[in-house]
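Here the protein sequences line up with chains H and P, keeping their order. FYI, the numbering for the first sequence is 21 to 194, going by our numbering. FYI, the numbering for the second sequence is 267 to 567, going by our numbering. Where is the CB? At the ideal position from N, CA and C, for every residue including glycine.
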Amino acid sequence: MIQPTHSSRRILLPARGWFIYLSLSLALALNLIPFGRLPGIPDWFALTLAFWCIHQPLKIGMGTGFVFGLVMDVANASVMGQHALAYVLLAFAAGGLSRRILWFPLAQQALQVLPLLLGTQLVMLLIRIGTGAEFPGVLYFLSSVVGVLLWHPLNYILLLPQYRPVERDENRPI
Amino acid sequence: MSVAGHTPPPFFKRGPAPFARLVFFISLSLLLLVADLRFHTLEPVRFAVAALLWPLQQAVLLPVEGAGQAGNYFSQLGSLQRENADLRQRQLAQANLLLRQAHLDEENRRLRALLDMQERIDAPARAAEILYAARDPFARRVVIDRGISHGLETGQAVIDDLGVVGQVTRVFPLTSEVTLLTDKNQAIPVQVARNGLRAVLAGAGSGAMELKFLPANADVQPGDTLVTSGLDGIYIPGLPVAKVASIDRDNSFAFARIECTPLAGVERHGQVLVLGKRTPPPMPEEPVEEVRKPAKGRKPR
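Structure below.
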């Protein structure tokens with residue numbers, strides 16, 4: 021039985037594989053938009069990956085994070101393996117915490133996702149600082165905070181295809 | 267009940283345990299990190315993925331370009347006219363120099379021939395446009411719209427109308443990455459234009475640069491212009507690079523702390539010029555028998 025949150029009484033349709041991968045690819049494309057050095061642009065892919073790892077831990081996991089992370093590394097002109105490692109750790113943590121996080125209402129879910137995203141950024145920071153790059157400033161971590169603020173609308177958009185009933189029936193909870 | 271050495275088969279096949287998978291992927295990522303940073307063996311992979319990503323990146327670039335064009339469209343006519351007048355004035359001011367340039371070049375060549383010196387080689391240049399700044403917050407790189415198919419190579423110097431911008435560090439079929447001078451891992455040999463004092467200028471992050479390893483009593487003043495010294499064999503000598511902003515001569519340190527600001531519009535977007543690869547002048551022949559040094563395994567940048 022799939023619900024938006026475990027405490028919800030609503031039952032969802034099963035998630036479709038193609039929709040999951042489409043949303044992940046769209047998030048990756050959003051990540052490719054060059055904003056230059058503007059702080060506070062959320063890491064769309066990390067956010068979407070965390071969402072699917074929490075909601076579908078059996079379908080989406082570390083392998084997806086690793087492959088998309090490598091693509092991100094090339095597109096971002098960063099060190100190979102930087103995003104891959106960070107996304108693998110994010111997928112592991114999100115998948116492991118999925119049963120716990122889904123018991124909370126959305127606002128508190130966002131609070132629980134914040135340390136995951138911050139951890140992802142911290143891993144990338146440590147890798148790059150360890151290899152002699154400059155510290156980009158504290159505003160670098162703003163992107164996680166902005167990302168978490170988008171958790172509510174993201175939940176709505178990504179669960180939208182699962183909300184739709186196959187056929188309308190007034191006496192059924194779907 | 268399981269007999270020793272036998273466990274009942276699982277009801278649901280879910281592959282290896284999450285922790286085992288985590289360890290596998292982490293070790294794979296670390297392997298990639300080491301291979302990329304230490305041995306630089308992943309360039310072909312990067313090349314292939316970048317080629318596949320090219321259409322997607324172009325598609326993503328469209329809204330950004332559209333926004334820029336919309337901004338241009340709504341920019342005031344007045345500001346354009348002012349810019350036009352400004353450019354005209356600058357052109358007039360430079361006409362004097364430009365008109366005499368050909369004459370001076372010719373004279374210089376003759377004098378150099380008389381003195382039997384190496385002729386200074388003019389590197390061919392190629393105009394390019396900065397597409398966007400790479401979305402990597404840890405480095406200062408930009409992507410330009412010329413690549414291997416236009417004859418670009420790694421190591422070429424990139425300048426704009428005011429001075430040196432950086433160096434091509436990675437080439438793709440249709441684009442290249444330029445590492446800016448302000449990147450922390452980028453260094454350039456310079457000399458002070460006023461007195462010819464040679465030094466190394468390195469990026470200090472956050473848009474500034476630092477003149478390194480000069481003693482506290484070095485003859486450098488705020489406002490001094492730094493030009494390339496050409497000792498590296500990459501940059502043509504005499505290109506303006508930076509201006510000295512502030513000097514901190516603290517006696518408790520061995521070296522003076524000299525902060526500089528780049529002259530070129532390093533952090534701005536626009537047109538740049540990619541200079542052709544400079545062939546360094548041949549070393550003078552040594553009359554004595556050469557002493558073999560053990561070759562060092564460092565790759566030249």
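From the beta-carbon of G471/P, the residues of chain H found nearer than 9 Å are A153, E154, F155 and P156. No Cβ-Cβ contact shorter than 9 Å links P24/H with N191/H. For R401/P, the nearest CB of chain H lies under 9 Å from its own CB, placing it at the interface with that chain. Across the structure, Q335/P and L322/P are spaced so that their CA atoms are roughly 20 Å apart. L52/H is the residue among F88/H, A113/H, L52/H and G85/H whose C-alpha sits nearest the C-alpha of P329/P. Assigned with DSSP and collapsed to three states, I40/H falls in helix. For P329/P, the three-state secondary structure derived from DSSP is helix. In this structure, T491/P is the residue among V326/P, T491/P and L539/P with its C-alpha nearest to the C-alpha of G462/P. If you check each beta-carbon in the region 313 to 337 of chain P against every beta-carbon of chain H, the ones closer than 8 Å belong to V315, A316, L319, L322, Q323, A325, V326, L327, P329 and V330.
The CB of D514/P never comes closer than 7 Å to any CB in chain H; the least such distance is about 20 Å. Around the beta carbon of T307/P, a 10 Å sphere encloses fewer than 16 other beta carbons of the protein chains shown; the residue is thus reported as exposed. DSSP places D514/P within a strand segment (E or B) once states are collapsed to three. Using beta-carbon distances, N483/P does not count as an interface residue toward chain H, since no partner is under 9 Å. Residue-level contact by beta carbon holds for F291/P and chain H, with a gap shorter than 9 Å. Taking the CA atoms as reference points, P390/P sits about 21 Å from L447/P. Among the residues facing chain P, L42/H is not included, as its CB has no counterpart in that chain under 9 Å away. Closest by C-alpha distance to T151/H, out of E372/P, N451/P and P282/P, is N451/P. If only complete runs of 3 or more residues are kept, the region 410 to 496 of chain P shows the beta strand (DSSP E) at 423 to 425, 430 to 437, 442 to 446, 453 to 458, 464 to 471, 474 to 478 and 491 to 494, in order along the chain. In this structure the region 283 to 291 of chain P does not lie against the region 412 to 419 of chain P, because fewer than three pairs of beta carbons, one per stretch, are closer than 8 Å. Spanning the alpha carbons of P282/P and A325/P requires a straight line of approximately 39 Å. Boundaries of the alpha helix (DSSP H) harbouring L365/P: L343 to L381, taken from the DSSP string. DSSP, reduced to helix, strand and coil, places F88/H within a helical segment of the structure shown. L32/H places its beta carbon less than 9 Å from that of I22/H. One alpha carbon belongs to A405/P, the other to G37/H, and they sit about 36 Å apart.
Judged by DSSP in its simplified three-state form, T307/P adopts coil rather than helix or strand. Taking 8 Å as the upper bound for CB-CB distance, W72/H and I80/H are in contact here, some 4 Å apart. The beta carbon of E476/P does not come within 9 Å of any beta carbon belonging to chain H, so the residue lies off that interface.
Those residues of the region 52 to 76 of chain H placed with their C-beta closer than 7 Å to a C-beta in chain P are L52, I53, P54, F55, G56 and R57, ordered along the chain. From the beta-carbon of K450/P, the residues of chain H found nearer than 8 Å are G152, A153 and E154.
Proximity of the region 417 to 434 of chain P to the region 522 to 531 of chain P meets the contact definition, three or more beta-carbon pairs being nearer than 8 Å. Per DSSP, the unbroken beta strand (DSSP E) holding I524/P starts and ends at R523 to P528.
Counting along the chain, A127/H sits inside the alpha helix (DSSP H) bounded by residues L126 to G150. Going by beta carbons, L364/P and P54/H fall outside the 9 Å limit. Non-local beta-carbon contacts of P77/H in its own chain, meaning distances under 7 Å to residues more than five positions away in sequence, involve G115 and S118 in chain order.
Sequence-distant partners of A399/P (beyond 5 residues in either direction) whose C-beta falls short of 6 Å from its own C-beta, in its chain, are V408.
A distance of 9 Å or more separates the beta carbons of R544/P and I513/P.
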